[in-house]
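Notes for the one structure printed next.
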Amino acid sequence: MSTPPTPPPGCPAHGLGPDGLRRLYGPEAETDPMGLYEKLRAEHGTVAPVLVHGDLPAWLVLGHRENLDVTRTPSRFTRDPRGWRERREGRVPADHPLNPMTTWVPVCTFVDGTEHQRLRGALTDSLDRFEGRGVRRYVNRFAGQLIDAFESDGHVDLIADFAEPLPMLVMTQLVGMPEESGPRLVEATRDLLKGTETALASNDYVMGALAQLVERRKSVPGHDLTTWFLQHSAGLTDEEIVTHLRVVLVAAFETTANLIASTLRLVLTDRRFRASLSGGHMTLPDALEQVLWDEPPLTAVLARWATGDTTLGGQQIKDGDMLILGLAAGNVDPEIRPDLSTPVHGNRSHLAFSSGPHECPGQDIGRAIADTGIDALLTRLPDLELAVPEPELQWRGTLMSQHLTALPVTFTPCPKGGADRAAQPAQPAPVARPLPAAAAPEPGQPVTVPAPRSGRRERLRSWWGSLFSRR
24 MSTPPTPPPG CPAHGLGPDG LRRLYGPEAE TDPMGLYEKL RAEHGTVAPV LVHGDLPAWL
84 VLGHRENLDV TRTPSRFTRD PRGWRERREG RVPADHPLNP MTTWVPVCTF VDGTEHQRLR
144 GALTDSLDRF EGRGVRRYVN RFAGQLIDAF ESDGHVDLIA DFAEPLPMLV MTQLVGMPEE
204 SGPRLVEATR DLLKGTETAL ASNDYVMGAL AQLVERRKSV PGHDLTTWFL QHSAGLTDEE
264 IVTHLRVVLV AAFETTANLI ASTLRLVLTD RRFRASLSGG HMTLPDALEQ VLWDEPPLTA
324 VLARWATGDT TLGGQQIKDG DMLILGLAAG NVDPEIRPDL STPVHGNRSH LAFSSGPHEC
384 PGQDIGRAIA DTGIDALLTR LPDLELAVPE PELQWRGTLM SQHLTALPVT FTPCPKGGAD
444 RAAQPAQPAP VARPLPAAAA PEPGQPVTVP APRSGRRERL RSWWGSLFSR R
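Numbering (the numbering used here), first residue to last: 24 to 494.
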């Protein structure tokens, strides 16, 4: 058998640029980002030089402490992409794939200082007006509707038919969209995030729908985010309101859908994980925090630009350099987690929602959607089983995330009449409610870590296994 030719160093399939720097795009970065991060950590330490699309230079921040340093010192590392030296000097083409994430718009995530305080203040004040119980009622309602649609089939893809639509259906209600508009807005948002040929048209639809919503709420106020933006003392313009509503919808979709999917995957593929939940050894919110440590919804965030020459992690950073927050890499930094099998219950110092002035303002709503939705699903369908062998599950990777493309499951079909349960008034889900019973582990059976999917991938004694050892 002949040996396939080795790609030349400058070829994207090789993973290395012409100067030997590792690429954060291409097959290696998309199929095994954690493995790539650990190679970079071994080669460069806590801050590594890398290449983004088009072989443009950037820095990937791998250390937990260094990530906090970047996010908490906007005077050194700004969120304003207009400072990107590569763009200032004309090396970023108009069709560059990172343009949607690096083109400045009037939104709080792209400004610092007093303007950031004004815009973020309007966002956080408005989000804070939602009561947790009210959010959970929305989650229960829409989770029930989604389950009603497939519970009589005995099989479903939990990504396409549950994890992805649930956050968006809830958020469309929180922003004030009519309920009948929810499914179309969900589909358009999913399409624009996947970068399909119709992504630009889908983005236009989302922006147009939100602009119409703003106009409607000027004359007919509601109990929703759009109305509260209009009423806020920050005096947001219509453009600022629409842009922030889009940010809220997109952020809720990507991060919450990935969190739901990752948690359900563990429930379905690791018997001990499920047993520790059903046995009351670990609450669902505890489990979500562990997933946020081990598999954060976003692996990396293209997010900062140096405001001047500085030093970070022993590297010389130049004015205008791009810095990428390595959220997943920082969460497994051996300086703070030398033993990945140690539980981190109650510890929210992970980087899943970033940190500093730009820390995700909607993280508690995301947690509420995830834990209430998962609880509703497993209460209604307690015998869910993975429909394919675990190794056949497929992942889609980008610079910022790696997530399941599908999570097919089977279960005992329920008669259509079971939908009557969802028609009853929804009650808020208890925060610490244990999941339905699962088989207890067999005595003496060895426990191993199921995946961190790569990078520091040695088999470790499971963190949930340690819970059972304390019986």
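Idealized CB from N, CA, C, for every residue including glycine.
Alanine 352 sits close to arginine 64, with the two beta carbons spaced by under 8 Å. Relative to the Cα of glycine 106, the nearest Cα in the group Gly343, Leu300, Phe153 belongs to Gly343. When secondary structure is reduced to three states using DSSP, proline 80 falls in the strand class. The alpha helix (DSSP H) runs of length 4 or more contained entirely in the stretch 296-320 are, from start to end of the chain, 307-317. Three or more beta-carbon pairs separated by less than 8 Å are not found between the stretch 259-273 and the stretch 287-299, which leaves the two stretches without contact. A buried status is given to glutamine 196, since no fewer than 16 other beta-carbon atoms sit within 10 Å of its beta-carbon. Bounds of the beta strand (DSSP E) holding leucine 427 are 425-427.
Excluding residues up to 5 positions away in sequence, Pro320, Ala393 lie with their Cβ nearer than 6 Å to the Cβ of leucine 282 in the same chain. The three-state secondary structure of threonine 334, taken from DSSP, is strand. Inclusion of asparagine 226 and leucine 215 in the CB contact set at 8 Å is warranted, their separation being smaller than that value. In this structure, glutamate 89 lies away from leucine 325, with their beta-carbon atoms at least 8 Å apart.
Counted as a single uninterrupted DSSP element, the alpha helix (DSSP H) harbouring glycine 58 occupies residues 56-67.
Between valine 162 and threonine 402, the gap from beta carbon to beta carbon reaches 8 Å or more.
Taking the Cβ atoms as the reference, leucine 44 lies roughly 12 Å from alanine 52, outside the contact range of under 8 Å. Inclusion of threonine 126 and proline 104 in the CB contact set at 8 Å is warranted, their separation being smaller than that value. In the structure shown, leucine 47 falls within a coil segment according to DSSP collapsed to helix, strand and coil. Classified as buried, isoleucine 340 has 16 or more neighbouring CB atoms from the shown chains inside 10 Å of its CB. Note on the stretch 140-228: whole beta strand (DSSP E) runs with a minimum of 3 residues are 178-180, in chain order. Looking only at His381, Gly177, Gly113, Glu408, the smallest Cα-Cα distance to phenylalanine 100 is reached by His381. Rounded to whole angstroms, the separation of the alpha carbons of glycine 68 and threonine 330 is 23 Å.
The residues Trp251, in chain order, have a CB closer than 7 Å to that of arginine 152 in the same chain once the five nearest residues on each side in sequence are set aside.
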